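A quick write-up on the structure given underneath.
Number of protein chains: 2
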Amino acid sequence: MKNAFYAQSGGVTAVINASACGVIETARKHKDKIGKVYAGRNGIIGALTEDLIDTSKESAKSIAALRHTPAGAFGSCRYKLKGLEENKLQYERLIEVFRAHNIGYFFYNGGGDSADTCLKVSQISEKLGYPIIAVHVPKTVDNDLPITDNCPGFGSVAKYVAVSTREATLDVESMAKTSTKVFVLEVMGRHAGWIAAAGALASSKELELPIIILFPEVAFDQVKFIAKVSVAVKKFGYCTVVVSEGVKGPDGKFLSDQGLRDAFGHAQLGGVAPVIAGMIKNELNLKYHWAVADYMQRSARHIASKTDVAQAYATGKAAVEVALQGRNSVMPAIKRISNKPYKWKIEIAELKQVANKEKFMPRNFITADGFGVTEKCRQYLLPLIQGEDYPPYRNGLPQYVRLKNVAAKKKLGEFKL
Amino acid sequence: MKNAFYAQSGGVTAVINASACGVIETARKHKDKIGKVYAGRNGIIGALTEDLIDTSKESAKSIAALRHTPAGAFGSCRYKLKGLEENKLQYERLIEVFRAHNIGYFFYNGGGDSADTCLKVSQISEKLGYPIIAVHVPKTVDNDLPITDNCPGFGSVAKYVAVSTREATLDVESMAKTSTKVFVLEVMGRHAGWIAAAGALASSKELELPIIILFPEVAFDQVKFIAKVSVAVKKFGYCTVVVSEGVKGPDGKFLSDQGLRDAFGHAQLGGVAPVIAGMIKNELNLKYHWAVADYMQRSARHIASKTDVAQAYATGKAAVEVALQGRNSVMPAIKRISNKPYKWKIEIAELKQVANKEKFMPRNFITADGFGVTEKCRQYLLPLIQGEDYPPYRNGLPQYVRLKNVAAKKKLGEFKL
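In structure tokens:
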């Protein structure tokens, strides 16, 4: 009987631990087929350095609490393994660690880069003749993985952005007569505008709000943008701009890269929100406020989407189930069956189809003027933010679990990263 | 039988509409003593321009929904009436409008400045021989009104900051091995550090997290601050800094005022978060991320404190009840009876004691090093964030009400502001 290895990779989300919960609870249900689940401390680094967390030391209650706990309970990392030929040593080390701990299942929970690593692990295992079943568990707030209809992690950040945009816009509406006319909210999305698009959901037929979206997929045109803001403020008295951190000018440079200097000449890495706000001040002389959601948006488990939590858990669960069926080099993907009512199921995608591909907003999801989302996009997004899944509270605060994270005994010598 | 006038003043909150709900529902229960409740469109400006909203046109259901709707449903404004002698005309106009619409009750929902206006209205009413009962309903996220133990609006922003700080800090903790070591969150508080103090609640005995707080009450000392961050990162591997927008250097200047210039030499009004983050980069060369909560924090009705909602409603209700008892020039204040269990009641404060005074964090609420809160402060803050009071959701989003806001017929000529 083989043990399993699970690791979290890249930027964490409000629901990546729900996937971990799905993996571990499902493995525990198959004690006849899977031994221990080891988790990598700080992601794949834990595998390379043989720093394995023995999850069997955690109570059923603690593992269940992962479902409502944000961020990465075992630690995650930004550490991309190089190509097989460039750094064969690292892959060999992984196999060595797996062999030492009798690990036959590799569950890797991450985005596009991690899918690629997962694929490589299954390839090297074949080459070195040590059998490993490698299954990728999808996770990314960026929603940019191909094949899967959406990515666990995205629904919750989308809900956070839609809710926060609605609330802050009502605030601006209240005060616009004598105070702020334009509110700018910066959200994540270096390459794809999915998160910014969610800001548009703040406005609905029952509660119309003027929301302007700036996507990384649309080259920023200052003249058109300023005109758009001006028209909205004339019509409504105010407006909100939701801007992707990755918006670029016609020169292809990030708009946030404005060469800001402080009084001592030090470069300041600003966000894009103050840049947009500054333009509004300079061109229209309107009072503005700006916010940068940063990590708050991707860790906001308190306002997670119930749909997202369910899908994060389901992909973790399915990963173990397909592994037990002997499927290798695959990823559980979310398949949309219908919009109204929203129905979905898990399908199995080949990792070769997933790795190293980014899914951008399709052009027909963005309005002709480039500043909003189409009805088609709205129908895509709305199911993903459905339902609330509140964590339990104690003493006024969400009761998030911190695991014991007991290290398994090392069996090998040190390895230099 | 007299009508009543109600207006919202200054920055709105997640629960100011709960106070409006308390005022209007209570007035409706006393139809034998109070006629209509008129609301000022955009606050006191609505009174001056005779732009009165007839709240009797709103259904009981809509008024009830105010309890769970953030921001100012009738519009608020930043408009401070000058002294009685400087601008007697404005006060005379108010009385003229009240007389024209048979208004005998003046309910003003705001902070310190508004308490002063409310006091002046009661004084001019006496001088001009037109009887008005003026009652102030406390509201401010800044929590800086005297007499009252705390201010409606504060508990909810405190809960938002505590929850968001906990979530984002868990995010940083997960990734610190290879990524961000220091997360900086900028929160409101130009003069008083109450909101920043709430960030410290993110850490508890069960879930210890390294949180450093920067208060406006403590002159910023860069050397001590950098040392504090360095020690925390050495011990925990990461830390979070919650910084009040109003933090000042030893020279008394706002730290956010760094004379930032873009590539074209335009001044950029940055927040204080990027300034703090830049210091951490320059002095310690640690990877950082920063967020600015701005309007999101004070409009976050989705994570409002149940205690705060109850107190906001109770002060609105009490305002009408004391007015009916003939008490003039007063404010319902919150009196803390006990901490454990938390018990409170409404007492009546004289407006003279409240107007134009700011309540700062007492020195014994701040730790000796100036970077944290004491147990005394924690015991003060914790009761205020107790309980969740979730709004209803429709289609994945909180179902906030937008009122019809029908204008009452004008009876007077125009008035130039």
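Just so you know, the sequences run in chain order B and W.
Per our numbering, residue 8 is the first one in the first sequence, and the count goes up by one each step.
Per our numbering, residue 8 is the first one in the second sequence, and the count goes up by one each step.
A virtual CB, placed ideally from N, CA and C, is assigned to each residue, including glycine.
Quantities reported herein were computed from a predicted structural model and do not represent experimental measurements.
Exposure of N363 of chain W, with buried meaning 16 or more beta-carbon neighbours within 10 Å: Start at 1 with the first residue of the second sequence, and residue 363 of chain W comes out as number 356. That one is exposed.
Cutting at 8 Å between CB atoms, please list the residues of its own chain near I344 of chain B, excluding the five before and the five after it. Mapped onto the first sequence, residue 344 of chain B falls at position 337. Same-chain partners within the cutoff: K350, W351, K352.
Interfacial residues, the segment 312 to 327 of chain W to chain B, with Cβ spacing under 8 Å: S312
Determine, for K43 of chain W, whether the minimum Cβ-Cβ distance to residues of chain B falls below 7 Å. As a working mapping, residue 43 of chain W is identified with position 36 in the second sequence. So, not an interface residue.
Pair within 7 Å by beta-carbon distance, V299 of chain W and G285 of chain W: Sequence index remark: in the second sequence, residue 299 of chain W carries index 292 (1-based). Sequence index remark: in the second sequence, residue 285 of chain W carries index 278 (1-based). The answer is no: Cβ separation not under 7 Å.
Residue-chain proximity (G259 of chain W, chain B), Cβ-Cβ < 7 Å: Counting from one through the second sequence, the residue named residue 259 of chain W turns up at place 252. Closer than 7 Å: no.
Which runs of the beta strand (DSSP E) spanning at least 3 residues fall entirely within the segment 44 to 93 of chain B, listed in chain order? 59 to 61
Name the chain B residues whose beta carbon is nearer than 8 Å to that of V393 of chain W? As a working mapping, residue 393 of chain W is identified with position 386 in the second sequence. The sequence shown places Gln at residue 393 of chain W, not Val. Here the neighbours are N402, G403.
For the segment 376 to 394 of chain B and the segment 83 to 92 of chain B, state whether three or more C-beta atom pairs, one from each stretch, are separated by less than 8 Å. no
Does E215 of chain B pass the burial test, meaning 16 or more other C-beta atoms within 10 Å, or should it be called exposed? Stepping through the first sequence from its first residue, residue 215 of chain B is reached at position 208. It is exposed - the Cβ of E215 of chain B has fewer than 16 other Cβ atoms within 10 Å.
On the CB-based measure, 16 or more other CB atoms within 10 Å of its CB, does D123 of chain W come out buried or exposed? For the purposes of this step, residue 123 of chain W is taken as residue 116 along the second sequence, with counting starting at 1. Its Cβ being crowded by 16 or more others within 10 Å, D123 of chain W is buried.
Would you list, in sequence order, the uninterrupted beta strand (DSSP E) runs of no fewer than 3 residues that lie entirely inside the segment 151 to 210 of chain W? 189 to 194
Which residue comes first and which comes last in the beta strand (DSSP E) that contains F232 of chain W? In the second sequence, residue 232 of chain W corresponds to position 225, counting from 1. Looking at the DSSP string, F232 of chain W is not in any beta strand (DSSP E); the run it does join, the alpha helix (DSSP H), is 229 to 243.
Using a Cβ-Cβ distance under 7 Å, would A25 of chain W count as near chain B? The residue you call residue 25 of chain W lines up with position 18 of the second sequence. Chain B contact via Cβ: absent.
By alpha-carbon positions, which one of B:K255, B:A169, B:A25, B:A207 ends up nearest to K146 of chain B? For the purposes of this step, residue 146 of chain B is taken as the residue at position 139 of the first sequence. Selected option, being the one with the closest Cα: B:A25.
According to the Cβ coordinates, are V164 of chain B and Q304 of chain B closer than 7 Å? By 1-based counting over the first sequence, the position of residue 164 of chain B is 157. By 1-based counting over the first sequence, the position of residue 304 of chain B is 297. Their beta carbons are under 7 Å apart, which means V164 of chain B touches Q304 of chain B by this criterion.
Residue from W:C246, W:A415, W:V194, W:W201 whose Cα sits closest to the Cα of T187 of chain W: Counting from 1 along the second sequence, the entry for residue 187 of chain W is found at position 180. For the residues W:C246, W:A415, W:V194, W:W201, the minimum Cα distance to T187 of chain W belongs to W:C246.
In chain order, what residues of the same chain have a beta carbon less than 8 Å from the beta carbon of L331 of chain B, not counting five sequence neighbours either side? Stepping through the first sequence from its first residue, residue 331 of chain B is reached at position 324. Closer than 8 Å at the Cβ level, and outside the excluded window around L331 of chain B, lie H37, K40, I41.
Pull up the DSSP beta-bridge partners for Y2 of chain W, would you. For residue 2 of chain W there is no data in the structure shown, the boundaries of chain W being 8 and 424.
Cβ of Y13 of chain B less than 7 Å from any chain W Cβ? On the first sequence, position 6 is the one that residue 13 of chain B refers to. Closer than 7 Å: no.
Quick check on the DSSP output: the beta strand (DSSP E) that includes I353 of chain W runs from which residue to which? Along the second sequence, read from residue 1 onward, the residue named residue 353 of chain W stands at position 346. Taken as a continuous stretch (DSSP letters only), the beta strand (DSSP E) holding I353 of chain W covers 350 to 357.
So which of W:H296, W:Q130, W:V19, W:V327 has the shortest CA-CA distance to A175 of chain B? Residue 175 of chain B sits at position 168 when you count from the first residue of the first sequence. Per the Cα distances, W:V19.
Nearest-angstrom Cα distance between K417 of chain W and K9 of chain W? To locate residue 417 of chain W, count along the second sequence from 1; it is residue 410. To locate residue 9 of chain W, count along the second sequence from 1; it is residue 2. The straight-line gap from Cα to Cα measures roughly 17 Å.
Determine the closest residue to V254 of chain W out of W:V168, W:S66, W:V248, W:H198, with distance taken between C-alpha atoms. As a position in the second sequence, residue 254 of chain W is number 247, starting the count at 1. Answer by Cα proximity: W:H198.
Closer than 8 Å by beta-carbon distance: list the chain W residues that pair up with I310 of chain B, in chain order. Counted from its first residue, the first sequence places residue 310 of chain B at position 303. Correct list: H309, I310.
Along chain B, which residues have their Cβ under 8 Å away from the Cβ of H108 of chain W? By 1-based counting over the second sequence, the position of residue 108 of chain W is 101. Near H108 of chain W there are no residues of chain B at all, since even the closest Cβ is about 21 Å away, more than 8 Å.
Delimiting residues of the beta strand (DSSP E) encompassing Q443 of chain W: The structure shown has nothing for residue 443 of chain W, since chain W only spans 8 to 424.
Residues within the segment 189 to 205 of chain W neighbouring chain B, beta-carbon criterion of under 7 Å: F190
Please classify V434 of chain B as buried or exposed, where buried requires at least 16 neighbouring CB atoms within 10 angstroms. This structure cannot speak to residue 434 of chain B, because chain B is shown only from 8 to 424.
Alpha carbon of V194 of chain B to alpha carbon of K68 of chain W, nearest angstrom: Your numbering for residue 194 of chain B matches position 187 in the first sequence. Your numbering for residue 68 of chain W matches position 61 in the second sequence. Their backbone Cα atoms lie some 35 Å apart in a straight line.
I'd like to know whether the C-beta of A414 of chain W is nearer than 7 Å to at least one C-beta of chain B. The residue you call residue 414 of chain W lines up with position 407 of the second sequence. Judged by the 7 Å Cβ criterion, A414 of chain W is not in contact with chain B.
Have a look at P153 of chain B and G118 of chain B and give me their C-alpha separation to the nearest angstrom. By 1-based counting over the first sequence, the position of residue 153 of chain B is 146. By 1-based counting over the first sequence, the position of residue 118 of chain B is 111. If I take the Cα positions, the gap works out to 10 Å.
Report back the beta-carbon spacing between S312 of chain W and P77 of chain W to the nearest angstrom; my notes put them in contact at under 8 Å. One-based indexing of the second sequence puts residue 312 of chain W at position 305. One-based indexing of the second sequence puts residue 77 of chain W at position 70. 13 Å between Cβ atoms; not a contact.
Residues that P77 of chain B contacts on chain W, provided the C-beta gap is smaller than 8 Å: Walking along the first sequence from the start, residue 77 of chain B turns up at place 70. Near P77 of chain B (Cβ distances below 8 Å), the residues of chain W are E174, L177, D178.
Distance, E354 of chain W Cα to Y14 of chain B Cα: Along the first sequence, read from residue 1 onward, the residue named residue 14 of chain B stands at position 7. Along the second sequence, read from residue 1 onward, the residue named residue 354 of chain W stands at position 347. In the sequence on display, residue 14 of chain B carries Ala and not Tyr. In a straight line, the C-alpha of A14 of chain B is about 56 Å away from that of E354 of chain W.
Which one of B:I102, B:N94, B:A71, B:A356 has the shortest CA to CA distance from V408 of chain B? Here residue 408 of chain B refers to the residue found at position 401 when the first sequence is read from its first residue. Answer by Cα proximity: B:A71.
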